[in-house]
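Colleague:
There are 2 protein chains.
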Amino acid sequence: MNLQNRIERGLEQAITFATAGGKPPKVCAAVRHAVFPGGARIRPRLCLAVALASGDRNPDAATAAATAIELLHCASLVHDDLPCFDDSDLRRGRSSVHAEFGEPLAVLAGDGLIVSAFETLARGCAQAPETLGPLVTTIGRAVGTPHGLVAGQAWESEPEIDLRDYHRAKTASLFTGATAAGAIASNADPLKWLELGEALGAAYQVADDLRDTAATIEELGKPVGQDVAHARPNAVEELGLAGAVTLLQETVRKAADAIPECAGADMLRQLILGEAKRLVPKKLAQSAA
Amino acid sequence: MNLQNRIERGLEQAITFATAGGKPPKVCAAVRHAVFPGGARIRPRLCLAVALASGDRNPDAATAAATAIELLHCASLVHDDLPCFDDSDLRRGRSSVHAEFGEPLAVLAGDGLIVSAFETLARGCAQAPETLGPLVTTIGRAVGTPHGLVAGQAWESEPEIDLRDYHRAKTASLFTGATAAGAIASNADPLKWLELGEALGAAYQVADDLRDTAATIEELGKPVGQDVAHARPNAVEELGLAGAVTLLQETVRKAADAIPECAGADMLRQLILGEAKRLVPKKLAQSAA
Chain A
1202 MNLQNRIERG
1212 LEQAITFATA
1222 GGKPPKVCAA
1232 VRHAVFPGGA
1242 RIRPRLCLAV
1252 ALASGDRNPD
1262 AATAAATAIE
1272 LLHCASLVHD
1282 DLPCFDDSDL
1292 RRGRSSVHAE
1302 FGEPLAVLAG
1312 DGLIVSAFET
1322 LARGCAQAPE
1332 TLGPLVTTIG
1342 RAVGTPHGLV
1352 AGQAWESEPE
1362 IDLRDYHRAK
1372 TASLFTGATA
1382 AGAIASNADP
1392 LKWLELGEAL
1402 GAAYQVADDL
1412 RDTAATIEEL
1422 GKPVGQDVAH
1432 ARPNAVEELG
1442 LAGAVTLLQE
1452 TVRKAADAIP
1462 ECAGADMLRQ
1472 LILGEAKRLV
1482 PKKLAQSAA
Chain B
1202 MNLQNRIERG
1212 LEQAITFATA
1222 GGKPPKVCAA
1232 VRHAVFPGGA
1242 RIRPRLCLAV
1252 ALASGDRNPD
1262 AATAAATAIE
1272 LLHCASLVHD
1282 DLPCFDDSDL
1292 RRGRSSVHAE
1302 FGEPLAVLAG
1312 DGLIVSAFET
1322 LARGCAQAPE
1332 TLGPLVTTIG
1342 RAVGTPHGLV
1352 AGQAWESEPE
1362 IDLRDYHRAK
1372 TASLFTGATA
1382 AGAIASNADP
1392 LKWLELGEAL
1402 GAAYQVADDL
1412 RDTAATIEEL
1422 GKPVGQDVAH
1432 ARPNAVEELG
1442 LAGAVTLLQE
1452 TVRKAADAIP
1462 ECAGADMLRQ
1472 LILGEAKRLV
1482 PKKLAQSAA
């Protein structure tokens, strides 16, 4: 089974558990809306790719780790889109959860997805129980406070932002969490994969800044120009368009170089370079061609 | 160490981890505000009492289970108080989290507490890793969808409420989760404790309805009359005041009778009867005396 199929099957199974019996109907629909159809699923693909490159010794645990990471990413998108944050009605080219179901159900769907992520880990690690503790700890650290997604979003409520902490927590943490979790699921050493996760997180942050500035709404499936609108730090503001594109190319190269020696190194390199291409907004790619 | 000390120490340790380094400052303060000073801590006390009654074989796992349950309860209070739900500025006799820190930080503090609960379980089960999977599954089921707290709150967004499912999910689930988790932490059979958890959940639901109708704001530390204000089902509306008091007495007796034979049965009975007294609003207790 290829990566994408494993991820979609893992997500489908998790959402089937989270909505078993179909009641209460609206929150079940909201939870499903938050996860399907998905975006690029880059974080779970990265997690599974590292698990495969490390021997895929516990396939169920690896699929569960990848699934949990995507559920948590989806939860963060649902809450970030709320009126009290980005107030975004558009996500992945259609209504955001709160625009479709209202604010209460969006808060609850996000909460439910967070819980479902950890339940998914517990189910997936039944045959490899020694991996559950490290996976919960690693993934929890990547999404909670003081170093994970929640902390990253919380930096936006501070009068002064520690930029390094902000970017690490808001973007890099889930990439380093994804590589570490993939290694842990295969009983491999997560530290070997830390540098790759950090480089990818940095690359994704720059790419995100570029896309927010130079992509179209159709391309992005969500509003553009949000960083300026919300007075958030953005690499294009700091370095100019050409500077940001150069920085992206450098960080992608650094990420490709950070892949440790392993059986799946080629597959991983392809995944990273393909993703880097996808992340450059079309009008920049055309002008660079 | 008595129950209360174990719980407060467990919570202090969990919040110390969740706010390590103190950054970003506001979300760290919001997370702490949500947990300290606490309410009656009835759910974690119940969890620990069952663990003790079952031999307290893995004290760290039991304390972690009790702590996680209280963190999740606190998270649910923070989110329930949000403007899009109860819009309550008062909780435990002082400002609710969103009243004190604003809506974005209240959403994030709740999210952070949910994640912290599962991280706490992973840390606490390091010496008894066989208990982690069952604890994550049991506690996750008690708080998520489709049967836990999130589902209970989501019933309030439905045009027609399934009353039995609503009460079970919104109130009883965390009581049955607390008894089951206490048993699991001590390697005991959680099913033996199911009836007690369900009876206590039912009692607490009636008590909560009574308090919402007949308590004072000072006594409750939060606004009263919320069920009528939000058109929520309430036992006093259905049965009248006397009928609801009788129902409370019956369910408490049922709970005391549901305690399985064990070393700690007396302690548990005292906990339940003491709690039942605490839950009856003063003016009803005086008029009944």
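Chains as they are written, first to last, in my numbering: chain A, 1202 to 1490; chain B, 1202 to 1490.
Yeah, the Cβ is synthetic: ideal placement off N, Cα and C, and Gly gets one too.
Note that the structure is predicted; figures quoted are calculated from it, not measured.
Which bits of chain B does L1283(A) rub up against, with CB to CB less than 8 Å?
Modeller: As a working mapping, residue 1283(A) is identified with position 82 in the first sequence. Within 8 Å Cβ-Cβ: V1308.
Colleague: How many whole angstroms separate the CB atoms of K1484(B) and A1436(B), which I take to be in contact at a CB cut-off of 8 Å?
Modeller: Here the question's residue 1484(B) lines up with position 283 in the second sequence. Here the question's residue 1436(B) lines up with position 235 in the second sequence. Wrong, their Cβ atoms sit about 17 Å apart, outside the cutoff.
Colleague: Going straight from the alpha carbon of G1294(A) to that of I1315(B), what length do you get?
Modeller: Taking the first residue of the first sequence as 1, we reach residue 1294(A) at position 93. Taking the first residue of the second sequence as 1, we reach residue 1315(B) at position 114. So the two alpha carbons sit approximately 29 Å from each other.
Colleague: Between G1313(A) and chain B, is any beta-carbon pair separated by less than 8 Å?
Modeller: As a position in the first sequence, residue 1313(A) is number 112, starting the count at 1. Output row for G1313(A): interface = yes.
Colleague: Of the residues A1459(B), C1463(B) and Q1214(B), which one's Cα is nearest the Cα of L1397(B)?
Modeller: Numbered from 1 along the second sequence, position 196 holds the residue referred to as residue 1397(B). Cα-wise, what sits closest to L1397(B) is A1459(B).
Colleague: With distances taken between CB atoms, is the gap from D1366(A) to K1224(B) smaller than 8 Å?
Modeller: Locating residue 1366(A) in the first sequence gives position 165, counting from the first residue. Locating residue 1224(B) in the second sequence gives position 23, counting from the first residue. Cβ atoms of D1366(A) and K1224(B): closer than 8 Å.
Colleague: According to DSSP, simplified to helix, strand and coil, what is S1296(A)?
Modeller: Within the first sequence, the letter at position 95 stands for residue 1296(A). Strand, per DSSP.
Colleague: Closest Cβ-Cβ distance between A1432(B) and chain A: below 8 Å?
Modeller: Position 231 of the second sequence, counted from the start, is the residue given in the question as residue 1432(B). Taking Cβ atoms only, chain A never reaches closer than 8 Å to A1432(B), which makes this a no.
Colleague: Compare the C-alpha of T1339(A) against each of L1411(A), G1222(A), A1384(A) and S1277(A) and name the closest.
Modeller: Stepping through the first sequence from its first residue, residue 1339(A) is reached at position 138. The residue with the shortest Cα to Cα distance from T1339(A) is A1384(A).
Colleague: Using 8 Å as the threshold, is the C-beta distance between Q1427(B) and H1368(B) below it?
Modeller: Numbered from 1 along the second sequence, position 226 holds the residue referred to as residue 1427(B). Numbered from 1 along the second sequence, position 167 holds the residue referred to as residue 1368(B). No, Cβ-Cβ distance for Q1427(B) and H1368(B) is not below 8 Å.
Colleague: Comparing the C-beta of A1490(B) with each C-beta of chain A, is any distance below 8 Å?
Modeller: On the second sequence, position 289 is the one that residue 1490(B) refers to. Here A1490(B) scores only 46 on pLDDT, less than 50, and its place in the model should not be relied on; the value that follows carries that caveat. Not an interface residue.
Colleague: Report the rounded CA-to-CA distance for P1434(B) versus C1463(A), giving the unit in angstroms.
Modeller: Position 233 of the second sequence, counted from the start, is the residue given in the question as residue 1434(B). Position 262 of the first sequence, counted from the start, is the residue given in the question as residue 1463(A). Cα to Cα, P1434(B) sits roughly 60 Å from C1463(A).
Colleague: Could you check whether the segment 1270-1290 of chain A touches the segment 1236-1250 of chain A, counting it as contact only if at least three pairs of C-beta atoms, one from each stretch, sit closer than 8 Å?
Modeller: Contact between the segment 1270-1290 of chain A and the segment 1236-1250 of chain A is present, because at least three Cβ pairs lie under 8 Å.
Colleague: Check whether the Cβ atoms of V1298(A) and A1235(A) sit closer than 8 Å, and answer yes or no.
Modeller: Along the first sequence, one-based indexing puts residue 1298(A) at 97. Along the first sequence, one-based indexing puts residue 1235(A) at 34. Yes, these two residues count as a Cβ contact at 8 Å.
Colleague: Beta-carbon separation of A1300(A) and G1211(A) under 8 Å?
Modeller: Position 99 of the first sequence, counted from the start, is the residue given in the question as residue 1300(A). Position 10 of the first sequence, counted from the start, is the residue given in the question as residue 1211(A). It is not a contact, given that the beta carbons lie outside the stated cut-off.
Colleague: Would you call the segment 1244-1260 of chain A and the segment 1373-1389 of chain A in contact, with 3 or more CB pairs under 8 Å?
Modeller: Judged by Cβ distances under 8 Å, the segment 1244-1260 of chain A makes contact with the segment 1373-1389 of chain A, as three or more pairs qualify.
Colleague: Do D1312(B) and V1232(A) have their beta-carbon atoms positioned less than 8 Å apart in this structure?
Modeller: Your numbering for residue 1232(A) matches position 31 in the first sequence. Your numbering for residue 1312(B) matches position 111 in the second sequence. No. Outside cutoff.
Colleague: Give the straight-line distance between the Cα atoms of A1373(A) and L1401(A), rounded to the nearest whole angstrom.
Modeller: In the first sequence, counting from the first residue as 1, residue 1373(A) sits at position 172. In the first sequence, counting from the first residue as 1, residue 1401(A) sits at position 200. Distance between the alpha carbons of A1373(A) and L1401(A) is about 7 Å.
Colleague: Among Q1205(B), L1253(B), E1476(B) and A1486(B), which has the Cα closest to the Cα of A1466(B)?
Modeller: Counted from its first residue, the second sequence places residue 1466(B) at position 265. A1466(B) has its Cα closest to that of L1253(B), out of Q1205(B), L1253(B), E1476(B) and A1486(B).
Colleague: Who are the near neighbours of V1344(B) in its chain, counting only those whose CB is closer than 6 Å to its CB and skipping five residues on each side?
Modeller: Locating residue 1344(B) in the second sequence gives position 143, counting from the first residue. Within the same chain, V1344(B) has close Cβ partners L1273 and L1350.
Colleague: Whose C-alpha, out of I1270(A), A1432(A) and V1481(A), is nearest the C-alpha of W1356(A)?
Modeller: Position 155 of the first sequence holds residue 1356(A). Residue A1432(A) is the option with its Cα nearest to W1356(A).
Colleague: Along the chain, which unbroken stretches of the alpha helix (DSSP H) at least 4 residues long are found entirely within the segment 1344-1373 of chain B?
Modeller: Here the runs fully enclosed are 1350-1356 and 1364-1368.
Colleague: So, helix, strand or coil for L1291(B), using DSSP?
Modeller: Residue 1291(B) sits at position 90 when you count from the first residue of the second sequence. DSSP places L1291(B) in strand when its eight states are reduced to three.
Colleague: Using beta-carbon positions only, say whether T1417(A) and L1395(A) come within less than 8 Å of one another.
Modeller: On the first sequence, position 216 is the one that residue 1417(A) refers to. On the first sequence, position 194 is the one that residue 1395(A) refers to. It is not a contact, given that the beta carbons lie outside the stated cut-off.
Colleague: Under the assumption that S1358(A) contacts R1258(A) (Cβ atoms under 8 Å), give the Cβ distance between them as a whole number of angstroms.
Modeller: For the purposes of this step, residue 1358(A) is taken as residue 157 along the first sequence, with counting starting at 1. For the purposes of this step, residue 1258(A) is taken as residue 57 along the first sequence, with counting starting at 1. Not a contact, Cβ separation roughly 42 Å.
Colleague: May I ask you to report which of helix, strand or coil DSSP gives F1302(A)?
Modeller: Counting from 1 along the first sequence, the entry for residue 1302(A) is found at position 101. Looking at F1302(A) - three-state DSSP - the assignment turns out to be helix.
Colleague: Pull up the distance between the alpha-carbon of N1206(B) and that of E1209(A), whole angstroms please.
Modeller: Taking the second sequence and counting its residues from 1, the one referred to as residue 1206(B) is at position 5. Taking the first sequence and counting its residues from 1, the one referred to as residue 1209(A) is at position 8. Near 45 Å, if we compare the C-alpha coordinates of E1209(A) and N1206(B).
Colleague: Please list, in chain order, the chain B residues whose beta carbon lies closer than 7 Å to that of P1305(A).
Modeller: Here residue 1305(A) is taken as the residue at index 104 of the first sequence, counted from 1. Per Cβ cutoff of 7 Å: C1285, F1286 and S1358.
Colleague: Between the alpha carbons of E1331(A) and V1481(B), how many angstroms are there, rounded?
Modeller: On the first sequence, residue 1331(A) is found 130 positions in, with the first residue counted as 1. On the second sequence, residue 1481(B) is found 280 positions in, with the first residue counted as 1. Straight-line Cα distance between these residues: approximately 46 Å.
Colleague: Is E1462(A) helix, strand or coil when you go by DSSP?
Modeller: Position 261 of the first sequence, counting from 1, holds the residue named residue 1462(A). In this structure, E1462(A) counts as coil in the three-state DSSP scheme.
Colleague: What number of angstroms, rounded off, separates the C-alpha of K1371(A) from the C-alpha of A1486(A)?
Modeller: Looking up residue 1371(A) in the first sequence gives position 170. Looking up residue 1486(A) in the first sequence gives position 285. So the two alpha carbons sit approximately 26 Å from each other.
Colleague: So, under 8 Å CB-CB, A1404(B) and T1452(B) are touching, yes? Tell me the CB distance rounded to an integer number of Å.
Modeller: Within the second sequence, residue 1404(B) is the residue found at index 203, counting from 1. Within the second sequence, residue 1452(B) is the residue found at index 251, counting from 1. Confirmed, about 4 Å.
Colleague: Distance, Cα to Cα, V1446(B) vs I1473(B)?
Modeller: Stepping through the second sequence from its first residue, residue 1446(B) is reached at position 245. Stepping through the second sequence from its first residue, residue 1473(B) is reached at position 272. Looking at the two C-alpha atoms, the distance is approximately 16 Å.
Colleague: Which word fits P1267(B), buried or exposed, when buried means at least 16 other C-beta atoms lie within 10 angstroms of its C-beta?
Modeller: The count along the second sequence starts at 1 and reaches residue 1267(B) at position 66. Looking at the sequence provided, one finds Ala at residue 1267(B) rather than Pro. A1267(B) is buried by the Cβ-count criterion.
Colleague: Express the C-alpha separation of A1269(A) and C1229(A) in angstroms, rounding to a whole number.
Modeller: By 1-based counting over the first sequence, the position of residue 1229(A) is 28. By 1-based counting over the first sequence, the position of residue 1269(A) is 68. Near 18 Å, if we compare the C-alpha coordinates of A1269(A) and C1229(A).
Colleague: Relative to the alpha-carbon of L1159(A), which residue among I1216(A), A1263(A), L1283(A) and D1409(A) has its alpha-carbon at the smallest distance?
Modeller: Nothing can be reported for residue 1159(A): it is not among the residues displayed for chain A, which extend from 1202 to 1490.
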